[in-house]
Each structure stands twice: as structure tokens, then as C-alpha cells.
Amino acid sequence: MPQDYLNEVAPALEKYSQNILQQDVWKRPELNLRDRSLITLAAMIARDQHTELKKYMELALNNGVKPSEISEMITQLAFYAGRENALNAAKVAWEIFHERHVNMKEMPAAEPVLAPVDERSEAHRLDAVQHLFGNTGRPLARYTTDVLFRNLWLRPGLTPRDRSLVTVSALIANGKSAEMPLHLQRAMDNGLSQAQAEEMIAQLAFYIGWPNAFSAQSVATAVFNNRGH
Amino acid sequence: MPQDYLNEVAPALEKYSQNILQQDVWKRPELNLRDRSLITLAAMIARDQHTELKKYMELALNNGVKPSEISEMITQLAFYAGRENALNAAKVAWEIFHERHVNMKEMPAAEPVLAPVDERSEAHRLDAVQHLFGNTGRPLARYTTDVLFRNLWLRPGLTPRDRSLVTVSALIANGKSAEMPLHLQRAMDNGLSQAQAEEMIAQLAFYIGWPNAFSAQSVATAVFNNRGH
Amino acid sequence: MPQDYLNEVAPALEKYSQNILQQDVWKRPELNLRDRSLITLAAMIARDQHTELKKYMELALNNGVKPSEISEMITQLAFYAGRENALNAAKVAWEIFHERHVNMKEMPAAEPVLAPVDERSEAHRLDAVQHLFGNTGRPLARYTTDVLFRNLWLRPGLTPRDRSLVTVSALIANGKSAEMPLHLQRAMDNGLSQAQAEEMIAQLAFYIGWPNAFSAQSVATAVFNNRGH
């Protein structure tokens, strides 16, 4: 397959990629290159698509995402996109890290010192789960509390804002509208602005397709309106 | 892997494929072979599934879809199913086109003369977006207008009916119910009959699974009822 | 790629896999190993993910799922997850069955003696379809009746409970909430307890990601509440 296969088969798509995606979208100042790399990589892992995964993982490293942060993203996405998605991403990361002679001892520890639980926000979350599941769904609720919110989310390998960005990107990439409001609110509580959230959705549209982006913006609009009141 | 692996492992599935899918569904007169090929190929690209992609792309060519139309489908689906889906399909197209000695200069130009904008339908669409997003989501709304509805959709490489068929198939294949009504209405405005739409969903069921087909038929029923009034 | 690539790249994910998924989730008594294998394998086929497919298909055989039952699952999932998903699973099954010298004549016949139709439950289902589609969608409704409910579902290769388990797992794995209530009710009518259904969702969360599991538990809660009245 020659390098310019796309230009041969679909010159229009190549032109859109160059003129709009590369020369316009990626250069808009509303979101920096590191954030753009982080969300695009998260979306690719969440969709389990590998054609450009290596290229975009390398781009993320070049744009300031640390190898240890990619490791932590992969762990986060095992829980928010699926186990095999994470395994496939870990294989690509292994290759790149070895090519770049990354010291694998820099990877986040399996059992680091965790951040303290924010008991108020956790009580709020438990109320929402209770409202959703009532007295049913105890096994899922238990693992959600013990493994996710009292462990995974408290790991120091990613800042809370980055962890939320990665999680929201995965939800958007897979069209999981029902789970978006909680995580978009959390991302905004952790420092994501409305303009950045809108910009994130516009960039992701070019990778995950317009239908998923439109669903996401509809949910985001409701979240923004809710926060405005 | 022997050619008849399916017959060895799951003779029932092989029998359903032969007796129902090949001998019955594909031969129903309500939708012609070219349309059936177009929608099945679009669904495979939209789901990023490659096992039978080459076979069905060749079938589409044999049933009268032109290489330039496959090129244009790929560009359309980059925006309606995702970028990597389009890249993967472009690779398969590159192989087939070279095997068949297709003149690559026949591919649709990157910047052709566009059809005129239908300002009335475009105003209607902008109203719907405004209703959905309010004053938020400007970046996505801007690219939707500039790149999609004032450019991509006006390209001459596919007839409006074919472009709509491909788009609706992608939405059905990925279970994007919320985005279906607009595009199914557009397809019907562009000449798709209710009987053809129903037939499309029934055929796709065998490729994308019953759950996606049932979601699609529920949405289609609402669209049909709405048009009837 | 070394065997311990995951431990090198994401030691935390490896630790969660060992300590929670393997040592805790899989050992909970609420669901036996055969059921756990069946639902995990169904979810992988439904998501068309292949990284651990061979490993989990072998695990299913080791946990008492018969080769003929895997064959029948594949046929069922062609209709409930998609055709290519089934073809890809059939290839892996072919490999394993030949490695294990399975007698391929044990595979379920293409046209076996079918179980009798439960006309009361079938009338109830037809009412629901009529309510959903009205007078539209005849082609899909016809194949649903003739191919699925008067043929596929009556095949003897899987018990009704197992066939329902496989189907519900596929719906959960692909986030098809709208189609879940009918099939979860059917699974419970066929002997799945509420505790087993809850346990199934908690186990699947680790493979398909939390967002799909949360959607599933929300639907399941509504089904449980409905049955309680």
C-alpha cells in the first residue's frame, strides 16, 4: 500500500484532512495541542481503531503527554471503554515506549498513594446511583464504589481534569449519552471551560463521525444550561 | 482456514445465509441490486468490519456502482461514520481498483463544481440546530454548515438519493437513532420510497444484527407517520 | 510482544485484572463458571473483539460449554450482533475445534427438529411489534417471525435459558438498551434469577466498560420492578 493511497482513492478526503483538519481545526487556540492529542487518542482507544493509533500516540508524546500519562489513560479506559480496547492500546504503547527507550520504571505504580476521597461529591454520586438502581444492582454498585471511585479515580497518574477529559472523550466516541452529564460536569468542576468542551466536541467530530458529535453536543448543551442556572 | 469453515463450524448459519439471505432477501424486487450493494457496503464501512468488505465492494462494482461512487461514499462516511473507517475502506478500494486497472483519474476531484445550496432546506436545518444547541456548540455548528452542508453534500460524485442512502445506512448500522429522522426524511425527499426504506432495513438486519434494525424501523415508522399527515 | 507487556506498560491494570477480576469477580458464587464463560464469550463476539477471543473460547470449553453450544451461540449472534461478528468467531472456533480434535459431525444440524412454538408468548410478541411498527416495517417483521421466532429460537442446540443469556449479553455489550427488556424478561422466564442477572452485569462491566454496564443495570432495574408488581 503506497503512502499516498488516500490521495489516489479519495482526493477529496485527503484535501479535507489537510485543509480543514490539519490546517484549521488543530490550530484553533481554544484548546491546546496537548489537550487535542489527549482527547483524540482517548477516542481512538475507546473505538478500538488501530489504523492511526500509533501515529496519534506518538503525536501525543510529542505534544507533551508523558509516557506515564498514556499508561494511566490506558488503565482508565479499560474501565470506561472496555478491557480489550486497553490491551490493544497497551501493545502499541509497549512498542513505542521501547522504540523511544522509555524507562519502564516510570510507569505509574500498581498501588500508589491515593488522593483523599471527596466525601461530599461521593455522597452525591451514591445518591444518584441509589436513585437509578434503587435496591437492585448491588454487585455493580459495589465495584463502582470500591474499584472506581475509591481507587481508580484517586490515582495520581493523571490530574483530575485530564482523567475527566479522557473519560468524557471515550463516552463521546462511543455515543454513551446517558453517562455523559455526570462526567462532563465533573470535567468542568475540574477546570474544563465551556469553550474547551465545545472545541473538544468539534475536533472529535472529524474522528468519530458527526452523529456521535451531535449527540454529544446536545447533551453538553443541557449540561451548560443547567450549570448556568 | 478452508473456504468452507463456516459450513463446518456452524452449518445452520451457512444454511440461513444460502437459503434466506442469498436466495430470498437479495432477490426481492422492492430494492434493486445496485441499491442493495450500496447500503450493505455502507453498513460494513460504518461498522469498520473487514472480513467481507473486499467481497462486497467487488459485488457493488459488479452491480453497477462506479469506482468513483465508491470513492465518494468513502469520503461521505469519513464524516458520518468516522475517519479510520474511511481510511480502512480506502485501502481495500485501492487494492481492488488497481487489480481491475481502474483509471485513478476518474476519481471525484478534490474541489469540483458544487451543486447550488437549497437555501430553504438549509434554513430549515439551521433552525433545527439552533433549537438543539441554542447559543452553545458554535464550533461544531460552524463546521457542520461550512464543511458538510455547504460543501460535502453539494459534491457531484453521488446523486443526492445515493448520498442519503449511504448516510442513512451508516446511521442504522451504528444504531444512531437520534440522527436518523433528518436523514431518512432527506432520503425520501430525494426519491426513496417507504417500501424501499422498509426493504433497506430488512436487508441490513442480516448484516448489522436485529437490535440495530429494530431501532431503525421504530424511528422509520415515526418518520413515515409524520410524512403521512 | 512479550507475554507480560501489560504488566510493563500498565502495572495497575494488570493488578486490577489479577486481584479483582480473576481472584474476586470470577469466584463469586452467585453465577457459576459455565455461565460466566458463556456471557463473557458472547460479549466478546458481540463487540467483535479478538485479542482474547481464543483464550476465552478455550476457557468456555474448559468450563463445560460444549463445542456444539459454541457453534449454536455463533449462529444466534449472527442475528443479534451481526454477520461479520459471527464469521470472525467461527474462524476462531474452527481453529480451536481442530486443535482439540473435536468431531465436527457433533455440530448442530442445519435443519434439526425444532421445539414447538409457544403460541401464547408468540402472540404477545407480535402485539408488541404491531404496537411498535403499526402497519409499517412488514419486511423486517416477516423475517423476525419466520426466521427468528419460528425457527432460530426453536433450535435445540442451546437451552432456552442459555440462548437468552447469550442474547442478553450481546445486547448489554453493544449498549442496545431499547431491545433489552423483552430479552431480559424472556431470560428470567427461562430461569435466570434476579441475583444472576445482576451478577452478569457486574462481570460484564469489566469487559465491556462501565458505561454499557450502567445502561444495562438501569434497564434491568426497571424490568425487576415491573416483575415485582
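If you're matching them up, the sequences are chains A, B and C in order.
Counted from 1, the first sequence has number 86 at position 86 by full-length UniProt numbering; the numbering is strictly sequential.
Counted from 1, the second sequence has number 135 at position 135 by full-length UniProt numbering; the numbering is strictly sequential.
Counted from 1, the third sequence has number 119 at position 119 by full-length UniProt numbering; the numbering is strictly sequential.
Think of the CB as a built atom: it goes at the ideal place given N, C-alpha and C, for glycine as much as any other residue.
CB contact below 8 angstroms: residue i versus chain C
i         : result
Ile39(B)  : no
Trp210(B) : yes
Glu14(B)  : yes
Thr144(A) : yes
Lys91(A)  : yes
Tyr56(B)  : no
Asn103(A) : no
Phe149(A) : no
Thr141(B) : First, the amino acid is wrong: residue 141(B) is Ala here, not Thr. Judged by the 8 angstroms Cβ criterion, Ala141(B) is not in contact with chain C.
Glu69(A)  : no
Thr75(A)  : yes
Lys176(A) : yes
Ala42(A)  : no
Tyr207(B) : yes
Ile172(B) : no
Cβ of residue i within 8 angstroms of any chain A Cβ
i         : result
Asn88(B)  : yes
Leu33(C)  : no
Arg125(B) : no
Ser169(C) : no
Val113(C) : no
Trp94(B)  : yes
Arg163(C) : no
Glu84(B)  : yes
Pro11(C)  : yes
Pro156(B) : no
Met107(B) : yes
Ser193(C) : no
Run of the alpha helix (DSSP H) containing residue i, from where it starts to where it stops
i         : result
Ser121(A) : 119-133
Glu8(A)   : 5-9
Asp35(B)  : 33-47
Glu106(B) : Premise fails: Glu106(B) is in no alpha helix (DSSP H) and is neither H nor E.
Pro139(A) : 138-143
Asn63(A)  : Per DSSP, Asn63(A) belongs to no alpha helix (DSSP H) and is neither H nor E.
Val147(A) : Val147(A) -> no alpha helix (DSSP H), and no H or E assigned at all.
Gln18(B)  : Counting along the chain, Gln18(B) falls outside any alpha helix (DSSP H), and DSSP gives it neither H nor E.
His98(B)  : 83-99
Thr51(A)  : No alpha helix (DSSP H) holds Thr51(A); DSSP gives it neither H nor E.
Glu30(A)  : From DSSP, Glu30(A) is part of no alpha helix (DSSP H); its letter is neither H nor E.
Pro116(C) : It is not in any alpha helix (DSSP H) - Pro116(C) carries neither H nor E in the DSSP assignment.
Pro67(A)  : 67-80
is_contact[residue i, chain B] using C-beta, thresh 8 angstroms
i              : result
Arg215(A)      : The sequence given here places Ser at residue 215(A); Arg does not occur at that position. True, the Cβ-Cβ gap to chain B drops below 8 angstroms.
Glu52(A)       : yes
residue 233(A) : Residue 233(A) is absent from the structure shown; chain A starts at 1 and stops at 229.
Leu6(A)        : yes
Leu184(C)      : no
Classification of residue i by the beta-carbon crowding that lies within 10 angstroms, buried from 16 upward
i         : result
Pro156(B) : exposed
Asp127(C) : exposed
Asp4(A)   : exposed
Asp35(A)  : buried
Gly175(C) : buried
His101(B) : exposed
Asn85(C)  : buried
Val117(C) : exposed
Gln203(B) : buried
Ser121(A) : exposed
Met1(C)   : exposed
Asp162(A) : buried
Arg227(B) : exposed
Gly191(C) : exposed
Leu171(C) : buried
His183(C) : buried
Val113(B) : exposed
Gln196(A) : buried
| request: Scan the region 151-212 of chain B and note each continuous alpha helix (DSSP H) run of 4 residues or more that stays entirely inside, going in chain order. | output: 160-173, 180-189, 194-208
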